[in-house]
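Here the structure comes first, spelled out in structure tokens, and everything after it is commentary.
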Amino acid sequence: MLPSFRKEPPLPSLLATYQQDDPNGAVTIRTRKFLTNRLLQRKQMVVDVLHPTRANVSKDELRDKLAAMYKAPKDQVIVFGFRTQFGGGKSTGFALIYDSKEALKFEPRYRLVRFGLAEKKERAGRKLRKERKNRAKKFRGTAKSKADAGKKK
Numbered sequence: 010m011l012p013s014f015r016k017e018p019p020l021p022s023l024l025a026t027y028q029q030d031d032p033n034g035a036v037t038i039r040t041r042k043f044l045t046n047r048l049l050q051r052k053q054m055v056v057d058v059l060h061p062t063r064a065n066v067s068k069d070e071l072r073d074k075l076a077a078m079y080k081a082p083k084d085q086v087i088v089f090g091f092r093t094q095f096g097g098g099k100s101t102g103f104a105l106i107y108d109s110k111e112a113l114k115f116e117p118r119y120r121l122v123r124f125g126l127a128e129k130k131e132r133a134g135r136k137l138r139k140e141r142k143n144r145a146k147k148f149r150g151t152a153k154s155k156a157d158a159g160k161k162k
């Protein structure tokens, strides 16, 4: 049999198969490893997010959708630890849904600050704190607190 010299169709370029980011693209949320933690008054789970047409999904949007799925107020839903898989299209992270506002006391403060549920405490700079500490070492007893208070001005 003689070889055929027919032209093969060109291979699709990588640019043609690349998916454009669609900010309103479909997002699928699946939860697994669901656990009701009675001690900390919350539901905890692993969240898988499928987002084939988007680069990623915001935590705020995830909180909205999880709150609707589990019929809970948005301010009691905390999401964190999301990692996007290599190649995109899928992210995995954790979600905590607290039973009440009071149960949020078990949540680390920095996460509450991150979602605007608590105010960040402003502290003096590291150098200033060390200087105050070292100045106070020169005094004993109640004079120590007076020395510290006098230098704050």
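Using my numbering, you'd call the opening residue of the sequence shown number 10 and step up by one each time.
Just so you know, even glycine gets a beta-carbon here, dropped at the ideal spot from N, CA and C.
The structure presented is a predicted model; accordingly, all values stated were derived computationally and were not measured.
Report the rounded CA-to-CA distance for Asn65 versus Leu121, giving the unit in angstroms. Your numbering for residue 65 matches position 56 in the sequence shown. Your numbering for residue 121 matches position 112 in the sequence shown. Each residue's Cα considered, the two are about 22 Å apart.
Can you give me the start and stop residues for the beta strand (DSSP E) that Ala86 sits inside? Position 77 of the sequence shown, counting from 1, holds the residue named residue 86. The sequence shown places Val at residue 86, not Ala. It spans Val86 to Thr93 - the beta strand (DSSP E) in which Val86 sits, taken as one unbroken run.
What does DSSP give as the partner residues of Met54 in its beta bridges? In the sequence shown, residue 54 corresponds to position 45, counting from 1. DSSP, once it has assigned bridges, lists Ala104 as partnering Met54.
Whose C-beta lies closer than 7 Å to the C-beta of Thr26 among residues of the same chain, with five residues either side of it excluded? Mapped onto the sequence shown, residue 26 falls at position 17. Low per-residue confidence applies at Thr26: pLDDT is 42, beneath 50, and the placement is therefore not dependable, though the value from the model is reported in the following sentence. If we look at Thr26 and ignore the five residues flanking it on each side, it has no Cβ neighbours.
Close beta carbons around Asn46, own chain, < 8 Å, minus the five adjacent residues each side: As a working note, residue 46 is residue 37 in the sequence shown. Result list for Asn46: Lys52 and Gln53, in chain order.
Rounded to whole angstroms, what's the CA-CA distance from Arg63 to Leu126? Just pull it up for me. Mapped onto the sequence shown, residue 63 falls at position 54. Mapped onto the sequence shown, residue 126 falls at position 117. Cα to Cα, the separation comes out at about 28 Å.
Apart from the five residues just before and just after Ala81, which ones in its own chain have a Cβ nearer than 6 Å to its Cβ? By one-based count along the sequence shown, residue 81 stands at place 72. Ile106, listed in sequence order.
Of the residues Lys129, Lys110 and Ser109, the one placed nearest Arg118, counting alpha carbons only: Translated into positions along the sequence shown, residue 118 becomes position 109. Answer by Cα proximity: Lys129.
Let's test the definition: count the other Cβ atoms within 10 Å of the Cβ of Ala158 and tell me whether it reaches 16, buried, or not, exposed. Locating residue 158 in the sequence shown gives position 149, counting from the first residue. Exposed.
Quick check on DSSP: helix, strand or coil for Arg141? As a first step, residue 141 is located in the sequence shown; it is residue number 132 there, counting from the start. In this structure, Arg141 counts as helix in the three-state DSSP scheme.
Would you identify the three-state DSSP class for Arg165, choosing helix, strand or coil? Look at the range of the chain in this structure, 10 to 162, and you will see that residue 165 is not part of it.
Close-in-space but distant-in-sequence residues of the same chain around His60 (CB under 6 Å, 5 per side omitted): As a working mapping, residue 60 is identified with position 51 in the sequence shown. Only Val36 and Val66 meet the Cβ criterion.
Alpha carbon to alpha carbon, how far is Leu48 from Leu137? Your numbering for residue 48 matches position 39 in the sequence shown. Your numbering for residue 137 matches position 128 in the sequence shown. Rounded to whole angstroms, Leu48 to Leu137 spans 40 Å at the Cα level.
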